Amino acid sequence: MATSPSDGDAPITESQAYYVLQFLKLLLTVVTLLVAVWKALNGALP
Numbered sequence: 001m002a003t004s005p006s007d008g009d010a011p012i013t014e015s016q017a018y019y020v021l022q023f024l025k026l027l028l029t030v031v032t033l034l035v036a037v038w039k040a041l042n043g044a045l046p
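Okay, so the sequence shown: first residue is 1 according to the UniProt record's numbering, each after it adds one.
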C-alpha cells in the first residue's frame, strides 16, 4: 500500500537531493562572500 513507488508524496529522490546540495553550496558561498565583504567594510571604517 504505502510501499508503492508511484505514490504522490514520494521520499526525496536523488535529483531532489542533488538540487538541495547545490542550493546549500550556493548558500554557503553567498554567506562566505557576505562575511568577507562585511569584514572588509568594518576594517575600512575609522
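By construction, the Cβ of each residue, glycine as well, lies at the ideal position given by its N, Cα and C atoms. Only a predicted model underlies this, so the values are computations on that prediction, with no experimental measurement involved.
Distance between residue 35 and residue 21 (C-alpha atoms, nearest Å): 21 Å
Counted within 10 angstroms of its Cβ, other Cβ atoms place residue 1 as buried (16 or more) or exposed: With a pLDDT of only 48 at residue 1, under the threshold of 50, the placement of this residue in the model should not be trusted, and no figure is reported.
Where the alpha helix (DSSP H) through residue 32 begins and ends: 14 to 44
Residue 33 versus residue 40: straight-line alpha-carbon distance, rounded: 10 Å
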